[in-house]
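Novice: Please see the structure below; I have some questions.
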């Protein structure tokens, strides 16, 4: 499995957070959830980091050098990879398979401190979009990493299965970026707090990928929801631009 989906050894802050919040481990048992390292937490990010790459969550919000940390801890989990589900769908519906990814959904757990406050004691409304966009970006990157492993395997496949998997399994030879977010606010997030952001594929419309997300507390009460629209573009190869 690509390094993107490997789980790093918990930091001291993460270990302390899990000890103080045992419900997190209960919510994501090993049998039902796979922990992974989000892109901002990788020592060798995929793609490789530049000096200005991915610093919002890795440094700006994470710093503990002040008395008011913003997002000191961020953990990530995803549903088990369901290759058979996607393969079966691609064979049963070769002309019009449902939109699905190998990883059905991903959830990120954010510890929020007073450093994210807007109104007194309440998380700034703009953070709703920031948290969702971070989860969606990791969800898409995770599916891309998993899809590359599946599609590069040399095992035999049924007729038409690989071509369908190339569409359903991940992003293939393309890159994607956010073009729109429709955030709906349902209830404020008081700080300090721990929230969960869950993201999943809603649908694919040509080069547009539509992702659904919710922001919840530990009891499942929704603070907000969002429909994110991402646009894909082909990656350039050495011999010229790739084709979708």
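Numbering (our numbering), first residue to last: 30 to 273. Cβ atoms here follow ideal geometry from the backbone N, Cα and C, with glycine treated the same way. Since the structure is predicted, the reported quantities are computational estimates derived from the model, not experimental observations.
1. Along the chain, where does the beta strand (DSSP E) containing residue 43 start, and where does it finish?
2. Under 8 Å between the Cβ atoms of residue 230 and residue 245?
3. My assumption, with CB atoms under 8 Å, is that residue 223 sits in contact with residue 140. Please give the rounded CB distance.
4. Go through its chain and collect everything with a Cβ distance to residue 168's Cβ below 6 Å, but skip five positions before and after it.
5. Could you tell me how far apart the beta carbons of residue 39 and residue 151 are, in whole angstroms, since I believe they sit closer than 8 Å?
6. Only counting the same chain, and skipping five residues up and downstream in sequence, which positions put a Cβ closer than 6 Å to that of residue 102?
7. Can you list, in chain order, the residues of its chain whose CB lies under 6 Å from that of residue 67, leaving out five sequence neighbours each side?
8. Only counting the same chain, and skipping five residues up and downstream in sequence, which positions put a Cβ closer than 7 Å to that of residue 214?
9. Terminal residues of the continuous beta strand (DSSP E) containing residue 106?
10. Would you tell me roughly how many angstroms separate the C-alpha atoms of residue 164 and residue 243, rounded to the nearest one?
11. Taking 6 Å as the limit between beta carbons, can you name the residues of its chain near residue 130, skipping five residues before and five after?
12. Less than 8 Å between the beta carbons of residue 257 and residue 161, yes or no?
13. Per DSSP, what kind of secondary structure is residue 237 in: helix, strand or coil?
14. Can you tell me which residues form a DSSP beta bridge with residue 97?
15. Measure the alpha-carbon distance for residue 87 versus residue 235 and round it to whole angstroms.
16. Does the Cβ-Cβ distance between residue 261 and residue 205 come in under 8 Å?
17. Whole angstroms are fine: how far does the CA of residue 209 sit from the CA of residue 183?
18. Could you tell me which residues DSSP pairs with residue 244 in its beta bridges?
19. For residue 209, list the residues DSSP reports as bridge partners.
20. Can the beta-carbon of residue 147 be found less than 8 Å from the beta-carbon of residue 99?
21. DSSP has residue 140 in a bridge; who is on the other side?
22. Indicate the three-state DSSP secondary structure (helix, strand or coil) for residue 110 in the structure shown.
23. Kindly indicate which three-state DSSP category residue 66 falls into: helix, strand or coil?
24. When we look at the beta-carbon of residue 144 and count the other beta-carbons within 10 Å, is it buried (16 or more) or exposed?
25. Excluding the five sequence neighbours on either side, which residues of its own chain have a C-beta within less than 7 Å of the C-beta of residue 91, listed in chain order?
Specialist: Quick look at the numbers:
1. Here residue 43 belongs to no beta strand (DSSP E); instead the alpha helix (DSSP H) covers 41-49.
2. It is not a contact, given that the beta carbons lie outside the stated cut-off.
3. 5 Å
4. 135 and 228
5. Between residue 39 and residue 151 a beta carbon distance of about 29 Å is seen, past the 8 Å cut, so the two are scored as non-contacting.
6. 42, 43, 46 and 140
7. 105 and 167
8. 154, 157 and 253
9. 102-107
10. 10 Å
11. 172 and 230.
12. yes
13. strand
14. In the DSSP output, where bridge partners are listed per residue, residue 97 has none listed.
15. 33 Å
16. yes
17. In this predicted model, residue 183 has a pLDDT of only 48, less than 50, meaning its place in the structure is not dependable; the value taken from the coordinates is given anyway. Each residue's Cα considered, the two are about 38 Å apart.
18. 226 and 253
19. 258
20. no
21. 102 and 223
22. coil
23. coil
24. buried
25. 100 and 101
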